[in-house]
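Enquirer: All letters in the sequence shown, in the order written, are residues 2 to 354 by the working numbering.
We put the CB at the ideal spot given by N, CA and C, even for glycine.
Everything numeric in this text was worked out from a predicted model, so none of it was measured.
This is the structure, below, for whatever I ask next.
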Amino acid sequence: MIPAMMLALSHAPDPEFAKRGLAITERIQSQFYQPSSKLYTDRKGATQPAFNWGVGVWLSALNAAARVDKKFDAPLREYADATWVYWNDKGPVPGYDVLPGPKPVDRYYDDNAWMVLSLVETYEHLGDKKYLDWAKLSLKYVLSGEDDKLGGGIYWRESDRGDSKNTCSNAPSTAAALAVWTHTKDGALLAKTREIYGWTYRTLRDPEDGLMWDAIKHDGKIDKTKWSYNTALMIRTAAELYKATGREVYRRQALEFEAAAVKRWFDPTTGALKDGGRFGHLLTESFLYRQELAPSADTKAVDASKKAMEWLEANGKKDGWYSAEWYKPKFDENPELIDQASVARGYLKMALR
């Protein structure tokens, strides 16, 4: 059974953020839905179902919508069930593929980590254990991406094993493992989470500004590109590891990551979040996890997120759709699912805080 506290809000959702989030959610439903398959496309008018990264983000948005308004329970259940067609049971370890089968294997470890997170949320909200079981299966695939080359860590793409180990595959994987651990209390899983988090922190953190680099290549060279979601998932995992273990080092690291992220990604003049929404919505969400450690403490990061969303609403919206970038208007004539779903998730998570 799921504790009742995990299924209910302790307060009413923020009405303005909820209104905005539900509006874009309903717009996505009306424009991207395929009734025959019960799947969604990447763009309006397309026939091919969305790539799996967008699937994970949209499933997370539906989860948030269902927590705000129970009428989204049915669409959430329908889509969670429909996404099983992405499952590719070919070995060596089955996992979610980038597109529905039957097709040759093309699986990504990070795509599966996002699916784990969304499936655990689906289980927590709907109470159907099969979603937790699916999350466990997907997590098994995620963790199969680890080996001892470069000292540890998880690869990004199954077919490119040996090319690079990315923060975007390791940080979400630790968050995914902790999400499953919350329901299993498997000591070995918690130990593995700490191991991968520690490797990612030591290997891919920039000691100069405290933010996360993108990847380490097979030859040991670092790709020093920085995306907000890489640091975001380290904030989330550090905060959750502190809750799980009580070790002060994780609390300190969560606070350090948060301070560095606010300094880097929020425009001090406009308040805009200087990254694409598909990355930035995860940063705003990570601050909510950190805030849970001390609800009455410094709210600078959450306040910055709210200001950034106000900037987006005022400057990054056209004809009912939102800019892919959250710091400058960038409107696509045919908006992409992942960008709009990111806005929905961002608004709705802020509504639920």
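1) Express the C-alpha separation of Pro50 and Gly277 in angstroms, rounding to a whole number.
2) Hey, would you say Arg346 sits closer than 8 Å to Val58, going by beta carbons?
3) Looking at C-beta atoms only, is the number of pairs between the stretch 70-81 and the stretch 116-133 that lie closer than 8 Å three or more?
4) So what does DSSP say about Ala5, is it helix, strand or coil?
5) Go ahead and label Met6 buried or exposed: buried means 16 or more other beta carbons lie within 10 angstroms of its beta carbon, across all protein chains shown.
6) Look at the Cβ atom of Phe18, then the Cβ atom of Ala352, and state whether they are nearer than 8 Å.
7) Looking at C-alpha atoms only, which residue of Asp82, Leu100, Ala81, Lys71 is the closest neighbour of Asn89?
8) What beta strand (DSSP E) runs, 3 residues minimum, are completely inside the stretch 123-204?
9) Which first and last residues belong to the alpha helix (DSSP H) in which Lys244 is found?
10) Can you say whether Ile1 is buried or exposed, counting buried as having 16 or more other CB atoms within 10 angstroms of its CB?
11) Would a C-beta distance cut-off of 8 Å place Tyr97 and Tyr87 closer than the cut-off?
12) Does Leu63 come out as helix, strand or coil in the three-state DSSP assignment?
13) Looking at Leu140: is its Cβ nearer than 8 Å to the Cβ of Ala172?
14) Between the Cα of Ala355 and the Cα atoms of Leu313, Asp340, Trp312, Arg108, which residue gives the shortest distance?
15) Hey, quick one: how far does the alpha helix (DSSP H) through Lys218 stretch, first residue to last?
16) Using only the alpha-carbon positions, how far apart do Thr271 and Trp135 sit?
17) Around the C-beta of Ala240, are 16 or more other C-beta atoms found within 10 angstroms, so that it is buried, or is it exposed?
18) Going by beta carbon distance, what residues of the same chain come within less than 7 Å of Gly321, once the five residues before and after it are set aside?
19) Would you mind working out which of Lys131, Ala245, Ala262 sits nearest Ala233, comparing C-alpha positions?
20) Taking C-alpha atoms, which residue in Glu209, Tyr243, Phe280, Arg248 lies nearest to Asn231?
21) Terminal residues of the continuous alpha helix (DSSP H) containing Glu286?
22) Grouping DSSP H, G and I as helix and E and B as strand, with all else coil, what is Lys20?
23) Identify, in the order they occur along the chain, each residue of the same chain with its Cβ nearer than 6 Å to the Cβ of Leu313, setting aside the five sequence neighbours on each side.
24) Using beta-carbon positions only, say whether Gly22 and Leu338 come within less than 8 Å of one another.
25) Which one of Asp220, Lys275, Leu294, Lys227 has the shortest CA to CA distance from Gly247?
26) Run through DSSP, which three-state label would Gly272 get?
27) Do you know offhand how far Lys244's Cα is from Thr175's?
28) Which residue marks the beginning of the alpha helix (DSSP H) containing Glu334, and which one marks its end?
29) Can you name, in chain order, every residue of its own chain whose Cβ lies under 8 Å from the Cβ of Leu144, other than the five neighbours on each side?
30) Let me check one thing: in DSSP terms, what residues is Lys28 bridge-paired to?
31) So, for Glu257: in the same chain, excluding its five sequence neighbours on each side, which residues have a beta-carbon less than 7 Å away from its beta-carbon?
32) Any heavy atom of the ligand PLP closer than 7 Å to the CB of Tyr41?
33) By DSSP's criteria, Gln35 is part of a beta bridge. Which residues make up the other side?
Expert: Taking the definition as stated:
1) 22 Å
2) yes
3) yes
4) Reliability of the predicted coordinates at Ala5 is poor, the pLDDT of 33 falling under 50, and the value obtained from them is presented with this limitation in mind. Helix, per DSSP.
5) Reliability fails at Met6, whose pLDDT of 32 lies under 50, so the model's placement of it is uncertain and no value is given.
6) yes
7) Leu100
8) 165-167
9) 229-246
10) Any property of residue 1 remains undetermined from this structure, which presents the chain solely from 2 to 354.
11) yes
12) helix
13) no
14) No answer is possible for residue 355: the residues shown for the chain start at 2 and end at 354.
15) Premise fails: Lys218 lies in the beta strand (DSSP E), 216-218, not in any alpha helix (DSSP H).
16) 42 Å
17) buried
18) Arg28
19) Ala262
20) Phe280
21) 278-292
22) helix
23) Trp327
24) no
25) Leu294
26) coil
27) 14 Å
28) Looking at the DSSP string, Glu334 is not in any alpha helix (DSSP H), and its letter there is neither H nor E.
29) Ile155, Ser174, Ala178, Lys193
30) The displayed chain sequence assigns Arg, not Lys, to residue 28. According to DSSP, which records beta bridges pairwise, Arg28 is partnered with nothing at all.
31) Gly211
32) Of ligands this structure carries none, so the ligand PLP is not represented either.
33) Leu40
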